[in-house]
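The opening residue of the sequence shown carries number 0 in numbering that gives the first Met the number 0; numbering runs sequentially from there. Virtual Cβ for every residue (Gly too), placed ideally from N, Cα, C. Because the structure is a prediction, the values reported are computed rather than measured. Take a look at the structure set out below.
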Amino acid sequence: MISLGKFGRLFHCSLHDSSTKMSTQNIYGKTVNSFATSTQLNQMLHDCCLFATLKHATINSPLGIVYKNELSPYPLIVYPYSNKGILKRFIIQNRTSAREQLLSTQELVYMAIHIAKGLHFLHRRKMLMKDIGTRNCLVMDDLTVKLTDYALSRDLFPQDYDCLPMDVPTESRPLKFMAIESISDRRFSTASDVWSYGVLLWELMSRGLQPYADIESCNLISHLQNNHRLVQPISCPDSLFKLMSACWITSIDQRPSMTSLLQLLMEFYGQLARFI
C-alpha cells in the first residue's frame, strides 16, 4: 500500500492479463477503506468516470474497474502507474530532501506547460476540471505531467479541502484553490479553472507550500474581496508571478484563457532555455 487516505487506500499493483501474452504492467489500484460510507464509494466511482473516455498525452485515464480483487472486497479502480508519483508529494519531497537537487525554474515551467496542455484539451472538449491542484497530477520519468481525476488522490490530501459554515458538512471543497465566484456563488467556467491553475502555478513555484496557509477558510472570501492574493514565492521570476496574478483577477472577462496562458508559458520556457 502506498497511501492511506481519509476514506480510501492507494496501492502499487501488478496487472497481468492471462488471456494475452502481455507482460505484467505496473498500476495504481484505488479503493475505499472498510469504514467508508456508500456515499464515499459512489463518489469515488463517479469521480473516476471524469476522464474514462478521454485519450490524450496529458490525461491519465483509468484503465478500468476491478470488482473482484485480492486487495479489497470493494471495487478497485486501476490507473497507469507513475514512478515519480503524485506531483504534490514529488515537489514537497524535492524541497525538503537534502539528498535531492532542487528542481530548476525551467523544470517547473516544463511541468506547468504539460498541465496547461491538459486543461486546454479539456476546455476544447467543453469540459471543466473544477478541482485543480498538484494533488491531481502525476509526474512521469521524463518530468512530463498528466492530469488525473479526483478519485485517485482527493482523499489523500484532506488539508486541501474544507467546508464553509453554509456548506453541507460532508461536502468539503478545495476552497483555497477555487475562484472567488466559485466559492461564493458556485459558478464554474473556464475562467474559474484558470484561477485554480494560477494557484497550481504558485504551488509549483513554492515547491508545495499550502496556499493561504495563514488564512482561515471562513475568512477567505473577505480576504479575496479585499483584493488580497498569494504573495510571490521566493525565487519565482517576476514575469511568471505576473502571469499567475493575472489568473486571480476578480473579473472573469479579464483573466487570460488557457490558450493564451499556454502560449505565454511556452514563450517563457523558450527564454529560459536560451539562458541555460
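Check: Cβ of Gln100 within 8 Å of Cβ of Tyr268?; Outcome: no
Check: From Ile233 to Ser205, what does the alpha carbon distance come to, in whole angstroms?; Outcome: 7 Å
Check: How is the beta strand (DSSP E) around Ser13 delimited, first residue to last?; Outcome: 7 to 14
Check: What does DSSP give as the partner residues of Ile64 in its beta bridges?; Outcome: Ile76
Check: Within 10 Å of its beta-carbon, does His15 have 16 or more other beta-carbons around it, so buried, or fewer, so exposed?; Outcome: exposed
Check: Below 8 Å on the Cβ atoms is my contact criterion, and I expect Asp140 with Phe50 to pass it. Report the Cβ-Cβ distance as a whole number of Å.; Outcome: No, Asp140 and Phe50 are not in contact; Cβ-Cβ is about 21 Å, not under 8 Å.
Check: Run through the DSSP bridge pairs and tell me what Lys29 is partnered with.; Outcome: Leu9, Ile76
Check: For Leu155, tell me which candidate among Ser244, Val230, Arg88 has the shortest Cα-Cα distance.; Outcome: Arg88
Check: For Ser2, name the three-state secondary structure that DSSP assigns.; Outcome: strand
Check: Assuming Leu137 is part of the beta strand (DSSP E), what are its boundary residues?; Outcome: 136 to 138
Check: Excluding five sequence neighbours on each side, which residues of the same chain lie with their C-beta closer than 7 Å to the C-beta of Cys217?; Outcome: Leu163, Pro164
Check: What residues in its chain sit with their C-beta under 6 Å from that of Arg186, if we drop five residues either side in the sequence?; Outcome: Glu180
Check: Can you find the residues in the same chain that come closer than 7 Å, C-beta to C-beta, to Asn225, ignoring five residues on each side of it along the sequence?; Outcome: none
Check: Relative to the alpha-carbon of Ser152, which residue among Leu121, Asp130, Asp166, Leu142 has its alpha-carbon at the smallest distance?; Outcome: Asp130
Check: Expressed to the nearest angstrom, what Euclidean distance is found between the alpha-carbon atoms of Asn82 and Val144?; Outcome: 12 Å
Check: For a quick check, are the C-beta atoms of Ala178 and Ser195 less than 8 Å apart?; Outcome: yes
Check: Residues bridged to Asp161 by DSSP?; Outcome: Arg172
Check: Within the same chain, show all residues whose beta-carbon is closer than 8 Å to that of Leu102, passing over the 5 residues directly before and after it, in chain order.; Outcome: Ile90, Asn93, Arg206
Check: Entirely within the region 196 to 225 and at least 3 residues each: give me those beta strand (DSSP E) ranges in chain order.; Outcome: none
Check: Taking Gln24 as the reference, which of Asn32, Ser13, Gly7 has the closest Cα?; Outcome: Ser13
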